[in-house]
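Reviewing the structure listed below.
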Amino acid sequence: MAKRERVVRMSVELPLWRALTGYRVLTTLYALAIFANGYHTFERPWVGIGYLSVLTVWNFATLPRVANAAACTKRFLAVDLIVVLTGILLTPVADVDAQHVDGPTLPTIAAAGAVIAFAIKGGWRWAGFASSLVAVANIVERAHPTRDTFHNVILVWIASIGIGYIVEVARASEATLARALEIEAATRERERLARDIHDSVLQVLAMVQRRGTALGGEAAELGRLAGEQEVALRTLVSSGLVPPTRTSEDFENGAVVRAVEVDDEPGESGETDLRSLLARHAGSKVSFAEPGAPVLLAPPAARELAAAVSAALDNVRMHAGESAQAWILVEDWGDEVIVTVRDDGPGIPAGRLDQAEGEGRMGVALSIRGRLRDLGGTAELISVPGQGTEVELKLPRGKAGRHG
Numbered sequence: 335m336a337k338r339e340r341v342v343r344m345s346v347e348l349p350l351w352r353a354l355t356g357y358r359v360l361t362t363l364y365a366l367a368i369f370a371n372g373y374h375t376f377e378r379p380w381v382g383i384g385y386l387s388v389l390t391v392w393n394f395a396t397l398p399r400v401a402n403a404a405a406c407t408k409r410f411l412a413v414d415l416i417v418v419l420t421g422i423l424l425t426p427v428a429d430v431d432a433q434h435v436d437g438p439t440l441p442t443i444a445a446a447g448a449v450i451a452f453a454i455k456g457g458w459r460w461a462g463f464a465s466s467l468v469a470v471a472n473i474v475e476r477a478h479p480t481r482d483t484f485h486n487v488i489l490v491w492i493a494s495i496g497i498g499y500i501v502e503v504a505r506a507s508e509a510t511l512a513r514a515l516e517i518e519a520a521t522r523e524r525e526r527l528a529r530d531i532h533d534s535v536l537q538v539l540a541m542v543q544r545r546g547t548a549l550g551g552e553a554a555e556l557g558r559l560a561g562e563q564e565v566a567l568r569t570l571v572s573s574g575l576v577p578p579t580r581t582s583e584d585f586e587n588g589a590v591v592r593a594v595e596v597d598d599e600p601g602e603s604g605e606t607d608l609r610s611l612l613a614r615h616a617g618s619k620v621s622f623a624e625p626g627a628p629v630l631l632a633p634p635a636a637r638e639l640a641a642a643v644s645a646a647l648d649n650v651r652m653h654a655g656e657s658a659q660a661w662i663l664v665e666d667w668g669d670e671v672i673v674t675v676r677d678d679g680p681g682i683p684a685g686r687l688d689q690a691e692g693e694g695r696m697g698v699a700l701s702i703r704g705r706l707r708d709l710g711g712t713a714e715l716i717s718v719p720g721q722g723t724e725v726e727l728k729l730p731r732g733k734a735g736r737h738g
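Quick note: the sequence shown uses the working numbering, first residue 335, plus one each step.
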């Protein structure tokens with residue numbers, strides 16, 4: 335966690351430190367120009383020349399350090415502040431009259447660079463501390479401060495604290511965003527695991543329960559235990575406590591079988607033909623209609639779309655009866671791929687899907703809609719009691735390659 339927070343802080347600070355490097359260069363040149371313009375008015379110009387030489391060397395030599403947020407340590411910031419405070423206090427030594435007029439100090443507005451560095455590094459509290467020291471130095475330098483002196487001091491104080499506060503808000507916002515992205519990623523992974531479990535373990539437990547109840551005797555007791563485990567596992571799936579479990583088994587035609595090996599390896603273009611993944615479902619009770627040309631998708635997207643079709647066919651077998659007929663239609667419209675799964679079963683009564691989801695049965699919510707949502711597509715289910723059910727899966731090609 336500490337490493338993640340450090341990265342977040344760096345990402346917020348980096349552009350601000352880079353902007354500060356430009357500010358230091360410009361304000362250093364400005365201080366040199368101001369001094370050169372009023373050089374003849376100084377009683378001890380050599381003091382000003384000596385200090386500005388040090389300031390120039392310091393500011394330009396430390397540019398690489400300022401551009402690197404991690405290198406701007408507390409010790410560096412303290413030395414940087416001492417350099418500008420020294421310049422402010424040396425101003426009356428170089429020019430005695432500076433105590434009686436509102437002329438610029440030797441570092442002029444370059445002094446604000448050190449205060450801004452404190453604001454970026456430590457927020458508004460550090461900015462308040464540094465700007466207060468600069469304010470005291472300016473008042474001491476003036477000996478007889480005027481209204482303009484107080485005006486400039488308050489302006490630097492408020493501006494630096496404002497910058498520090500904005501930096502803190504930006505850090506907090508980015509940390510919140512990073513946490514939200516972590517939660518979203520964890521949620522998507524949990525849903526993926528729940529889909530895998532629904533497509534395998536839960537289907538097997540449901541089958542064991544039905545077969546055991548039908549056989550009676552000792553098998554009925556096994557069926558009862560399988561039913562209890564199914565309910566418990568569905569509760570875990572719904573609550574997000576599912577452990578990282580993967581399985582290669584699939585429930586098909588009332589028996590547990592190994593997933594049929596299909597040619598789903600990427601072709602020369604790096605994409606998979608969706609038809610090869612769906613063709614295995616064709617049989618006496620499932621008709622498969624496909625385009626004449628390959629339907630190419632990114633391999634992860636093709637596998638997830640095929641898994642959603644498998645989940646839809648599982649629902650047909652479980653809820654429409656053994657005699658139900660199903661049809662798979664694949665359409666390739668260039669910018670999107672549409673797969674339709676239709677059956678001639680009794681249909682789904684109104685409100686049944688919401689009831690099933692409330693009971694923890696996530697077949698449609700996770701195995702079908704969840705998969706398409708993760709791919710950037712949509713899944714629409716249309717069912718009329720007595721007229722069968724149709725599931726339409728739409729996957730935009732521009733989004734299909736982002737999955738995985």
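Note that the Cβ used here is the ideal one computed from N, Cα and C, for glycine as well.
query, result
"Status (buried if at least 16 other CB within 10 Å, exposed otherwise) for Gln721", "exposed"
"Buried versus exposed call for Glu552 [16 or more other C-beta atoms within 10 Å across all chains shown]", "exposed"
"Neighbourhood of Val629 by C-beta, 8 Å cutoff - its chain only, sequence neighbours within 5 removed", "Asp607, Leu608, Arg609, Val664, Asp666 and Val671"
"Whole-Å CB distance - Leu386 paired with Leu440, under 8 Å assumed", "6 Å"
"Nearest neighbour of Glu475, chosen from Arg522, Val427 and Gly498 [CA to CA]", "Val427"
"Identified DSSP bridge partners for Ser466", "Answer is none; Ser466 lacks a bridge partner."
"C-alpha gap between Gly561 and Asp669, whole angstroms", "44 Å"
"DSSP-derived helix/strand/coil call for Val596", "With a pLDDT of 41 at Val596, under the threshold of 50, the predicted position of this residue should be treated as unreliable, though the coordinate-derived value follows. DSSP places Val596 in coil when its eight states are reduced to three."
"Residue range of the unbroken beta strand (DSSP E) whose run includes Ala440", "It should be pointed out that residue 440 corresponds to Leu in this sequence rather than to Ala. Careful: Leu440 lies outside any beta strand (DSSP E) and carries neither H nor E."
"8 Å Cβ cutoff met for Trp351 and Ile443", "no"
"Residue from Ala504, Val418 and Pro438 with nearest C-alpha to Ala464", "Val418"
"Counted within 10 angstroms of its Cβ, other Cβ atoms place Thr581 as buried (16 or more) or exposed", "Confidence at Thr581 is low in this model, with a pLDDT of 36, below 50, so the placement of that residue should be treated as unreliable; the coordinate-derived value is given next. Flag for Thr581 reads exposed."
"Integer-rounded CB distance, given that Arg358 should sit under 8 Å from Gly496", "Gly496 to Arg358, Cβ: 20 Å. No contact."
"Spatial distance of Leu715 from Pro633 (CA atoms)", "25 Å"
"Cβ neighbour criterion (16 or more within 10 Å) applied to Ile450", "buried"
"Contact under 8 Å by Cβ, Gly546 with Ala540", "no"
"Beta bridge counterpart(s) of Ile672 as assigned by DSSP", "Glu665 and Lys728"
"8 Å CB neighbourhood of Glu502 in its chain, flanking five on each side removed", "Gly457 and Trp458"
"Three-state class that DSSP yields for Phe622 in the structure shown", "strand"
"Endpoints, beta strand (DSSP E) assigned at Glu656", "Premise fails: Glu656 is in no beta strand (DSSP E) and is neither H nor E."
"Check whether Ile422 and Asn472 have beta carbons under 8 Å apart", "yes"
"Three-state class that DSSP yields for Asp607 in the structure shown", "strand"
"Which of helix, strand or coil DSSP assigns to Thr396", "coil"
"Cut-off 7 Å between Cβ atoms - residues of its own chain near Ala353, not counting five sequence neighbours on either side", "none"
"Other residues of its chain near Leu348: CB distance less than 7 Å, five sequence neighbours each side excluded", "Ala403"
"Beta carbon proximity, Ala451 to chain C, threshold 8 Å", "Included in the structure is just one protein chain, with no chain C present."
"Classification of Ile416 by the beta-carbon crowding that lies within 10 angstroms, buried from 16 upward", "exposed"
"According to DSSP, residues forming a beta bridge with Glu714", "Glu726"
"Identity of the residues DSSP links to Leu631 by a beta bridge", "Thr606"
"Secondary structure of Asp429, DSSP reduced to three states", "coil"
"Same chain, Cβ closer than 6 Å to Thr579, five either side skipped, listed in chain order", "In this prediction, Thr579 scores a pLDDT of 38, lower than 50, which makes its location untrustworthy; the coordinate-derived value is nonetheless stated afterwards. There are no such residues."
"Sequence-distant residues of its chain with Cβ nearer than 8 Å to Leu467 (five each side left out)", "Leu415 and Leu419"
"Alpha carbon of Ala613 to alpha carbon of Pro730, nearest angstrom", "21 Å"
"Straight-line Cα distance separating Ala401 from Met696", "The predicted model places Met696 with a pLDDT of 46, which falls under 50 and marks its position as unreliable, so this point remains unresolved."
"Pick from Ala635, Pro683, Val620 and Leu611 that is closest to Gln659, judged by C-alpha positions", "Val620"
"Asp677 - partner residues in DSSP beta bridges", "Ala660"
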